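Written below as structure tokens is the structure these notes are about.
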Amino acid sequence: MTDKYAVIGNPIDHSKSPQIHKMFAQQTGQDISYEAIEAPLEEGGFKDKVIQLRDKGYRGCNVTVPFKFEAFKLAAVLSERAQVAQAVNTLKFDGATILGDNTDGAGLVRDIQQNLKFSLQGRDILLLGAGGAAWGVSLPLLEAEANINIFNRTTDKAQQLSHGLQVFLKRDLYTRKGLKFGLPNFVNSYAELSSKQFDFVINATSAGLTGSEIPLPPTIFAPGALAYDMMYGRETPFMKFAREHGAQVADGLGMLVEQAAESFYIWRGIRPDTAPVIAVLRTAK
Ligand code: NDP
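Here the sequence shown stands for residues 0 to 284, numbered as in numbering that gives the first Met the number 0.
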């Protein structure tokens, strides 16, 4: 029998997830269906939709803007990375139990390390932004043993993210896993950035959506640096700026496919080959 999955968001028409998961299913021979479903924005609309799907026998769903935080609250069992992210993009239904995970960070790390062939270990990262995406990727970046520095336009939020990570790491992972990562740093102002250089500058802001520039110093990129924008579909001012100042540039399409592959793995126990899927989406652009 075909196992049913979906992605829930609002709006959802733009989502590439159905196309990606259909390609994964074809490639791996898994008998699944995957559709895009819009949940109402009114209070309780998302929760009702998820419960409805679970009760109709769906096996899981992806969650996108603006419901990742609600999905976090709805899941009865949370992975460690979802606990740190305080946001969930993957739900799995195990009978009546709703399990929540966050695959965004794993997707980013795989794209950087496996697809783009940059090692993160021991490298200095500037993470721009302190919204859902930044929270989602922080722990996986630390687990890749990178040194992360967080900067956000609204500095309080960067401080909260840095503090939240520090509390979590001190409490648990840091001691238990014995990894060699340092605690995250928090950068206070654009001015503070003028004396610094980074091996990776990762744009986890939504500035690209509105075509806004981020006022970074042109010296921010260390030799051979990678500038990574989580946005995809068009060149953002951040990508243009980075290219003009000597950095290698990547968009977030690979991350999108990799986070989907991680969700597929959670649901089906099989890791699809992402390279042909990324190639199809790049040519379709
Ligand atoms: P949020 O709305 O949660 O956070 C937005 C962040 O962007 C905040 O830190 C905000 O700063 C900052 N920001 C917005 N505008 C500007 C600006 N003009 N200059 C500087 N900072 C700005 O969004 P998400 O974290 O969910 O998503 C961020 C981006 O990541 C989006 O473009 C999204 O599409 C992308 N993304 C891509 C994924 C992929 O798979 N490729 C997965 C997940 C997200 P402030 O706090 O000051 O408002």
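Ideal Cβ placement from N, Cα and C applies to all residues, glycine included.
These figures come from a predicted structure and were not determined experimentally.
Classification of residue i by the beta-carbon crowding that lies within 10 angstroms, buried from 16 upward
{"i": "ARG53", "result": "buried"}
{"i": "GLY8", "result": "buried"}
{"i": "PRO39", "result": "exposed"}
{"i": "VAL76", "result": "exposed"}
{"i": "GLU261", "result": "buried"}
{"i": "ASN187", "result": "exposed"}
{"i": "ASP250", "result": "buried"}
{"i": "MET22", "result": "buried"}
{"i": "GLU69", "result": "buried"}
{"i": "SER193", "result": "exposed"}
{"i": "TYR231", "result": "buried"}
{"i": "ASP47", "result": "exposed"}
{"i": "TYR189", "result": "exposed"}
{"i": "GLY43", "result": "exposed"}
{"i": "SER16", "result": "buried"}
{"i": "PRO214", "result": "exposed"}
{"i": "GLN208", "result": "It should be noted that the sequence gives Leu, not Gln, for residue 208. Counting Cβ neighbours within 10 Å, LEU208 comes out exposed, since fewer than 16 surround it."}
{"i": "MET0", "result": "exposed"}
{"i": "PRO217", "result": "exposed"}
{"i": "PRO10", "result": "exposed"}
{"i": "ARG80", "result": "buried"}
{"i": "ARG109", "result": "buried"}
{"i": "VAL87", "result": "buried"}
{"i": "ARG267", "result": "buried"}
{"i": "THR89", "result": "buried"}
Cβ shell of residue i (< 6 angstroms), same chain only, five flanking positions each side left out
{"i": "ASN114", "result": "GLY253"}
{"i": "SER205", "result": "none"}
{"i": "LYS156", "result": "ALA129"}
{"i": "THR27", "result": "ILE269 and PRO271"}
{"i": "ILE277", "result": "GLY253 and VAL256"}
{"i": "VAL64", "result": "GLY8"}
{"i": "GLN158", "result": "PHE185"}
{"i": "TYR264", "result": "ARG270"}
{"i": "SER78", "result": "ASP100"}
Closer than 8 angstroms: residue i CB and nearest the ligand SAH heavy atom
{"i": "ALA129", "result": "Here the bound small molecules are the ligand NDP; the ligand SAH is not part of this structure."}
Residue i - containing alpha helix (DSSP H), residue span
{"i": "ILE19", "result": "16-27"}
{"i": "THR154", "result": "154-167"}
{"i": "GLN85", "result": "That residue, GLN85, is in no alpha helix (DSSP H); it is neither H nor E in DSSP."}
{"i": "GLU252", "result": "First, the residue type needs correcting, since residue 252 is Leu and not Glu in the sequence shown. Counting along the chain, the alpha helix (DSSP H) containing LEU252 begins and ends at 252-267."}
{"i": "PRO139", "result": "131-142"}
{"i": "ARG233", "result": "Unbroken run through ARG233: none, as it is neither H nor E."}
{"i": "GLU191", "result": "189-192"}
{"i": "ILE50", "result": "44-54"}
{"i": "ARG281", "result": "274-283"}
Per DSSP, cross-strand counterpart(s) of residue i
{"i": "TYR4", "result": "TYR33 and GLY59"}
{"i": "LYS91", "result": "GLY59 and LEU98"}
{"i": "ILE66", "result": "Here the sequence assigns Phe to residue 66, which means Ile is not the residue at that position. DSSP output for PHE66 lists no bridge partner at all."}
{"i": "PHE117", "result": "BP columns for PHE117 are empty, so no partner."}
{"i": "ILE201", "result": "LEU126 and TYR227"}
{"i": "ASN184", "result": "ASN148"}
{"i": "LEU77", "result": "GLY99"}
First and last residue of the uninterrupted beta strand (DSSP E) at residue i
{"i": "TYR227", "result": "220-228"}
{"i": "LEU127", "result": "123-127"}
{"i": "ALA249", "result": "247-249"}
Close-in-space but distant-in-sequence residues of the same chain around residue i (CB under 7 angstroms, 5 per side omitted)
{"i": "GLU234", "result": "none"}
{"i": "THR273", "result": "VAL256, GLU257 and ALA260"}
{"i": "VAL136", "result": "ASP103, GLY104, LEU107 and ALA203"}
{"i": "ARG281", "result": "LEU252"}
{"i": "ILE19", "result": "VAL256, ALA259 and VAL276"}
Cutoff 8 angstroms; reference residue i; Cβ partners in own chain excluding five residues on either side
{"i": "TRP5", "result": "Trp is not the amino acid found at residue 5; the sequence shown has Ala there. Taken in chain order, the residues that qualify are TYR33, GLU34, ALA35, ILE36, LEU52, TYR57, CYS60 and ASN61."}
{"i": "PHE197", "result": "ASP123, ILE124, LEU125, ASN148, ILE219, PHE220, ALA221 and ALA224"}
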